[in-house]
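One structure below.
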Amino acid sequence: MNDFINHKKDYNEKGYFVVRNIFDRNTINTVISEIDIAKNVEKYTDKKGNLRRIERLYDKGEYLKKINSSVLNILDKIFNQDFTIFKDKCNAKPPGGEGFFAHYDGIFIFKNKNGIEEKGWYKYTDFFINVLIALDDCNKENGTIEISNAHNGNFDELLLNTKQNGTPDIIKDIEDSISFEPIKLKAGDLVVFSNTCPHRSKRNNSTVNRRTLYYTYTLLNKGSYYNKYFIDKSESKNATSKSLSGES
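Read in the working numbering, the sequence shown has 67 at position 54, and its numbers run on one by one without any break.
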């Protein structure tokens, strides 16, 4: 119980926290195998042709489903709220794989299928929690996530901190004015953070994979938007990359 209280305190103060040793090696290895054979998923590659991202996979295997259920249970215990999955992906980042420029999540303008501008994720609701599950050990060499304290503000206020180019990438002046903490992780660790935490990662300069599951959750009492989100994403007329860009 004390751990849950401390995690909630960290979230309120910084916007993020780490939970260690949640999933054992067998679970992680099985999840990796399920991802490798998953059908009916969306795959993206980086500029070099490396696998970058796989989406729509949280329910594509028994252990993938268990991961989601376990995370929902953890969030319920820490925040005393019921959550539902909003979006999901596996960030592959193999050796030489691109990083990600500093960005918020969900703070961008996109054009829907009718060419009408929409407010990113905030089209659906206004509270998002990200959960990163390390499938490999993550460190500076292979491009672990680097996080900064959450920024306060509504969508329109935070949008002013971005490049306003259809991505949530943060402008250089803002990035240079804040500190980022590289989060060293073991496979099976979690990072829980607000979508308004600026975060980034460097390219994978190692010889091993740096795979992570990256799930985003919203409050269940605000509705479920998983299918709608991915339909809108597929129909978006934005010219910018739908898997974000980074250091290559």
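Note that the Cβ used here is the ideal one computed from N, Cα and C, for glycine as well.
Residue i burial status per 10 Å Cβ neighbour count (16 or more: buried)
i, result
"T220", "exposed"
"N143", "buried"
"G236", "exposed"
"D59", "buried"
"R65", "buried"
"D272", "Lying outside 14 to 261, the shown extent of the chain, residue 272 is not represented and no answer is given."
"L173", "exposed"
"D95", "exposed"
"D202", "buried"
"D182", "buried"
"K106", "buried"
"S247", "exposed"
"N167", "exposed"
"E111", "buried"
"R213", "buried"
Beta-bridge partners of residue i, as assigned by DSSP
i, result
"Y227", "K102, L145"
"D182", "H116"
"E130", "K124"
"F206", "Y29, N143"
"T97", "T231"
Start and end residues, alpha helix (DSSP H) containing residue i
i, result
"S188", "Reading off the sequence shown, one finds Glu at residue 188, where the question assumed Ser. First-last of the alpha helix (DSSP H) with E188: 185-190."
"T43", "38-50"
"N75", "The sequence given here places Glu at residue 75; Asn does not occur at that position. Its alpha helix (DSSP H) spans residues 75-92."
Reduced DSSP category for residue i - H, G, I as helix; E, B as strand; rest coil
i, result
"S136", "Per the sequence shown, residue 136 should be read as Lys rather than Ser. In this structure, K136 counts as helix in the three-state DSSP scheme."
"D16", "helix"
"I122", "coil"
"F243", "helix"
"E26", "helix"
"E248", "helix"
Residue nearest to residue i in terms of C-alpha spacing, selected from the options
i, options, result
"G119", "W134, G109, N178, I129", "W134"
"A51", "D72, I35, N34", "D72"
"N34", "D150, E194, F168, Q177", "D150"
"N251", "R213, Q177, T231, S190", "Q177"
"T171", "E194, C210, K61", "The sequence given here has Leu at residue 171, not Thr. It is C210 whose Cα lies nearest to the Cα of L171."
"H20", "F92, L198, F193", "F92"
"A163", "Y76, I146, I187", "I187"
"F17", "H212, I87, K132", "I87"
"V84", "Y242, F206, I158, S247", "F206"
"T269", "Y76, N63, D245", "Nothing can be reported for residue 269, as the shown portion of the chain is limited to 14 through 261."
"N104", "T231, I191, T225, Y239", "T225"
"H116", "I244, N42, T175, Y227", "T175"
"I215", "N81, T97, T157", "Looking at the sequence itself, residue 215 is Lys, so the reference to Ile does not match. Nearest option by C-alpha distance: T157."
"F141", "L233, K124, D37", "L233"
"N155", "E194, R213, N222", "N222"
N- and C-terminal bounds of the beta strand (DSSP E) containing residue i
i, result
"E170", "Run containing E170: none in the beta strand (DSSP E); it sits in the alpha helix (DSSP H), 168-172."
"T58", "55-58"
"I67", "64-68"
"S214", "212-214"
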